[in-house]
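Trainee:
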Amino acid sequence: VDDEIDMLKPHILYLEKKGYQVTPVNTGEDAIHFCDKQHVDLVLLDEMMTGLDGLTTLKKIKEKHSSLPIIMITKNEEEWLMEEAIAAQITNYLTKPVNPSQILIACKNVLESRKIQSDRVAKDYLQSFQKISERIENADCIENWYTITDNLADWSVKFDNLGDQGLGQLLEEQWREANQQFTRFIELNYENWLRSKEKPIMSPDIISSYLQKNIQNDEKVVLIIMDCLRADHMKAMTNQLAQIFHINLDYYLSILPTATPYSRNAIFSGYFPNKLQKEYSDIWLDMWEDENSMNRFEDQFLRDQITRLG
1 VDDEIDMLKP HILYLEKKGY QVTPVNTGED AIHFCDKQHV DLVLLDEMMT
51 GLDGLTTLKK IKEKHSSLPI IMITKNEEEW LMEEAIAAQI TNYLTKPVNP
101 SQILIACKNV LESRKIQSDR VAKDYLQSFQ KISERIENAD CIENWYTITD
151 NLADWSVKFD NLGDQGLGQL LEEQWREANQ QFTRFIELNY ENWLRSKEKP
201 IMSPDIISSY LQKNIQNDEK VVLIIMDCLR ADHMKAMTNQ LAQIFHINLD
251 YYLSILPTAT PYSRNAIFSG YFPNKLQKEY SDIWLDMWED ENSMNRFEDQ
301 FLRDQITRLG
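So this is what it looks like as structure tokens:
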């Protein structure tokens, strides 16, 4: 959309050569009418036009076609105009002069980025597959397993977001292999950890390891525990939360069994189940008499643990 559309003939020919179907119009009114009557994937819109200007045209198109991508092209570099365009949900903002290749990149970014990214994710996963398999086979410490889990969770999120290009089953098989090997690893090491001071951070260690200093310094802390949350689900959430929070991600090891009466109460109390039963014998009996009471005492457990930690 440009009131000097004939000047853009080289750009139009270049885009058509690259496989795009381009419809030129030279007024904002014509652009609005065309968008109402025809299916449009993307609008390239000049900002300075006689008659209806680009910003007004943008707003009128968005009133009826809110999801239609629009790229504004202008000589005007004033910040207020950029902010107005952003507020009107502009997709991209290019400053003249622009050459055909810049227009092409902008179009690809809007119309083909998902396919391009999906193809690249598939290619990168295939290149990483052997390395991940070797890590699974050779993992001999809990830190190795944290890395493996982190990698596989990242790939799961990427496949969910961009499509798996037929590689989803391969990733599922790699998850199964990792789970089998991790189970063997836990069988070999878990009992020794319980008897040793040299062990990974586990459920009873969470408060003392991550919150004790904050509490002792009288800092405000919000503790949110999400039960039964898979690593890839957590990754998907943190990708969104990272837009408004600075996130540090650490892994820890749940105690066994991982069910609520054990692992979750271990976090709040700071005790392994045998110690929890000993310290809270009456509560322990109440918990097991009523399934709905399994996590009813978390507030008391947490307050008592904080008191012990000073």
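Numbered according to full-length UniProt numbering, the sequence shown spans residues 1 to 310.
Note that the Cβ used here is the ideal one computed from N, Cα and C, for glycine as well.
#1: Could you tell me whether the stretch 53–65 touches the stretch 11–29, where touching means 3 or more Cβ pairs closer than 8 Å?
#2: According to DSSP, simplified to helix, strand and coil, what is Thr56?
#3: Ser101 to Thr23, Cα distance in whole Å?
#4: DSSP has Ile73 in a bridge; who is on the other side?
#5: Report the residue from Leu8, Trp80, Val25, Cys141 whose alpha carbon sits nearest the alpha carbon of Ile201.
#6: Ignoring anything shorter than 4 residues, give me the alpha helix (DSSP H) runs that lie fully in the stretch 154–242, in order along the chain.
#7: Compare the C-alpha of Lys213 against each of Cys107, Gly310, Leu42 and name the closest.
#8: Do you know whose CA, among Leu256, Cys35, Gln243, lies nearest Leu194's CA?
#9: Going by DSSP, what residues sit across from Leu253 in a beta bridge?
#10: Just how far apart, CA to CA, sit Leu276 and Glu134?
#11: Could you pull the start and end residues of the alpha helix (DSSP H) that Leu81 belongs to?
#12: Across the stretch 140–159 and the stretch 109–116, are there enough close Cβ pairs to call them in contact, namely three or more that are closer than 8 Å?
#13: Can you tell me where the alpha helix (DSSP H) holding Gln300 begins and where it ends?
#14: By the DSSP assignment, the alpha helix (DSSP H) with Ala259 in it spans what residues?
#15: Thinking C-alpha only, which one of Gln169, Met48, Leu104, Gln38 is nearest Asp3?
#16: Please report the straight-line C-alpha distance between Arg303 and Ile267, rounded to a whole angstrom.
#17: Please report the distance separating the alpha-carbon of residue 311 from that of Asn179.
#18: Looking at Trp155 and Tyr125, is the spacing between their C-beta atoms short of 8 Å?
#19: Among the residues of its own chain, which have a CB less than 6 Å from the CB of Ala122, if the five just before and after it don't count?
#20: Within the same chain, show all residues whose beta-carbon is closer than 6 Å to that of Val222, passing over the 5 residues directly before and after it, in chain order.
#21: What does the Cβ neighbour count give for Asn265, buried or exposed, with the cut at 16 atoms within 10 Å?
#22: How should Thr258 be labelled, buried or exposed, when 16 other C-beta atoms within 10 angstroms of its C-beta is the threshold for buried?
#23: Could you compute how far the alpha carbon of Tyr210 sits from the alpha carbon of Leu249?
#24: Touching or not, the stretch 36–45 and the stretch 64–79, by the rule of three or more beta carbon pairs under 8 Å?
#25: Could you check what DSSP says for Asn248 in three-state terms: helix, strand or coil?
#26: Would you kindly report the start and end of the unbroken alpha helix (DSSP H) that includes Tyr14?
Mentor: In terms of the structure at hand:
#1: yes
#2: Locating residue 56 in the sequence shown gives position 56, where the first residue counts as 1. Three-state result, Thr56: helix.
#3: One-based indexing of the sequence shown puts residue 101 at position 101. One-based indexing of the sequence shown puts residue 23 at position 23. In a straight line, the C-alpha of Ser101 is about 18 Å away from that of Thr23.
#4: As a position in the sequence shown, residue 73 is number 73, starting the count at 1. DSSP output for Ile73 lists Asp46, Leu94 as bridge partner(s).
#5: Here the question's residue 201 lines up with position 201 in the sequence shown. It is Cys141 whose Cα lies nearest to the Cα of Ile201.
#6: 168–195, 212–216, 231–241
#7: Translated into positions along the sequence shown, residue 213 becomes position 213. Ranking the options by Cα distance to Lys213, first place goes to Gly310.
#8: Within the sequence shown, numbered from 1, the residue matching residue 194 stands at position 194. Checking every option, the nearest Cα to that of Leu194 belongs to Leu256.
#9: Along the sequence shown, one-based indexing puts residue 253 at 253. In DSSP, Leu253 forms a bridge with Met202.
#10: Here residue 276 refers to the residue found at position 276 when the sequence shown is read from its first residue. Here residue 134 refers to the residue found at position 134 when the sequence shown is read from its first residue. If I take the Cα positions, the gap works out to 40 Å.
#11: As a working mapping, residue 81 is identified with position 81 in the sequence shown. Residues 79–87.
#12: no
#13: Against the sequence shown, residue 300 aligns to sequence position 300. Note, Gln300: alpha helix (DSSP H), 298–309.
#14: What you label residue 259 is simply residue 259 of the sequence shown in a count that begins at 1. Segment: none, Ala259 is in no alpha helix (DSSP H) and carries neither H nor E.
#15: The count along the sequence shown starts at 1 and reaches residue 3 at position 3. Comparing Cα-Cα distances from Asp3 to each of Gln169, Met48, Leu104, Gln38, the minimum goes to Met48.
#16: Counting from 1 along the sequence shown, the entry for residue 303 is found at position 303. Counting from 1 along the sequence shown, the entry for residue 267 is found at position 267. Answer to the nearest angstrom: the Cα atoms are 12 Å apart.
#17: With the chain represented from 1 up to 310, any question about residue 311 goes unanswered, as that position is not in the structure.
#18: As a working note, residue 125 is residue 125 in the sequence shown. As a working note, residue 155 is residue 155 in the sequence shown. Closer than 8 Å, so yes.
#19: Within the sequence shown, the letter at position 122 stands for residue 122. Here the set comprises Gln165, Leu167.
#20: Translated into the one-based positions of the sequence shown, residue 222 becomes position 222. Cβ neighbours of Val222 beyond the five flanking positions: none.
#21: Numbered from its first residue, the sequence shown carries residue 265 at position 265. By the 10 Å Cβ count, Asn265 comes out buried.
#22: In the sequence shown, residue 258 corresponds to position 258, counting from 1. It counts as exposed.
#23: Residue 210 sits at position 210 when you count from the first residue of the sequence shown. Residue 249 sits at position 249 when you count from the first residue of the sequence shown. Going by the C-alpha atoms only, they are around 12 Å apart.
#24: yes
#25: Against the sequence shown, residue 248 aligns to sequence position 248. Of the three classes helix, strand and coil, the one that applies to Asn248 here is coil, per DSSP.
#26: Your numbering for residue 14 matches position 14 in the sequence shown. It spans 9–17 - the alpha helix (DSSP H) in which Tyr14 sits, taken as one unbroken run.
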